[in-house]
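Chemist: Residue numbers (this note's numbering): 19 to 212. Where a beta carbon is used, it is the ideal one built from N, C-alpha and C, also for glycine.
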Amino acid sequence: MSNSYVYTSQVAARLGLADLTDTDEELLQTAIDWASDYLDSYTSRQFTNHAEVRYFRRDDLYDRVLYVGDDLLSVSVLTNGDGNTIASSEYWLEPRNAPAEVPPQPYNAIRLKTTSSWTFPSDSWISVSGQWGFSSQPDALIIGACLRLAEWYYRSRAPLTTTTLFDGSIQHEKPEGFPTEVLAELDQRMRLAP
């Protein structure tokens, strides 16, 4: 189950529901979970952060750059293939101007400075311990999209037809009455290959 980007009280307010029963709360939470999962799936992103250690092989390197393949907010510990820690003064997170952009963009690569190098003994891995995700919390665009999707899902629990949308190599199902304006907004947050 994904992170919930909005609260049941927010969706209930949009729907004009008051005095919610436990069943109403469950249905609203199901709608929110579906909407949050849809946002993550459509954009190939997660809009909250989580601490995690991820491991990378030599194949993930291109010269001095490690492409992490996901949104990275910060690094707490970076270890080389030999298990030794690489000091934060020995690498840059890329793109270098990411935190200055509006909205702030996460990092997608780690570039070693010329004073350091990747080391790979047999069967070794680089580890990156840090905060992963697009942002520490969802922004207004994501909250608004999640509210509209959860409201639609709650109102139309049994769509009658679907339309298949193709976006590059990704196939998306668009059920009847789906709020299509949300897709145009989500395109602004869609992950592009680094």
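Determine whether the beta carbon atoms of A168 and V29 lie at a separation below 8 Å.
Modeler: yes
Chemist: Rounded to whole angstroms, what's the CA-CA distance from Q237 to D89? Just pull it up for me.
Modeler: Look at the range of the chain in this structure, 19 to 212, and you will see that residue 237 is not part of it.
Chemist: For V200, name the three-state secondary structure that DSSP assigns.
Modeler: helix
Chemist: Would you give the residue range spanned by the alpha helix (DSSP H) that Y60 belongs to?
Modeler: D40 to T61
Chemist: In this structure, how does DSSP classify D88 when only helix, strand and coil are distinguished?
Modeler: strand
Chemist: Could you give the DSSP three-state label for A76: helix, strand or coil?
Modeler: Per the sequence shown, residue 76 should be read as Arg rather than Ala. Note: R76 maps to helix in three-state DSSP.
Chemist: Look at the Cβ atom of G99, then the Cβ atom of W136, and state whether they are nearer than 8 Å.
Modeler: Yes, the Cβ-Cβ distance between G99 and W136 is below 8 Å.
Chemist: Take A53 and list the residues in its own chain whose beta-carbon comes closer than 7 Å to its own, dropping the five residues that flank it on each side.
Modeler: C164, L167, A168 and Y171
Chemist: Out of M208, R173, P113 and D205, state which residue places its alpha-carbon closest to the alpha-carbon of F196.
Modeler: R173
Chemist: Does the contact criterion of 3 or more C-beta pairs under 8 Å hold for the segment 95 to 109 versus the segment 56 to 68?
Modeler: no
Chemist: Within 10 angstroms of the Cβ of V95, are there 16 or more other Cβ atoms? Answer buried if so, exposed if not.
Modeler: exposed
Chemist: For a test of the three-state rule: what should DSSP assign to L210, helix, strand or coil?
Modeler: coil
Chemist: What is the C-beta distance between L84 and A127, in whole angstroms, given that I count them as a contact (C-beta under 8 Å)?
Modeler: About 6 Å; that satisfies the 8 Å criterion.
Chemist: To the nearest angstrom, how far is it from the Cα of L130 to the Cα of W110?
Modeler: 6 Å
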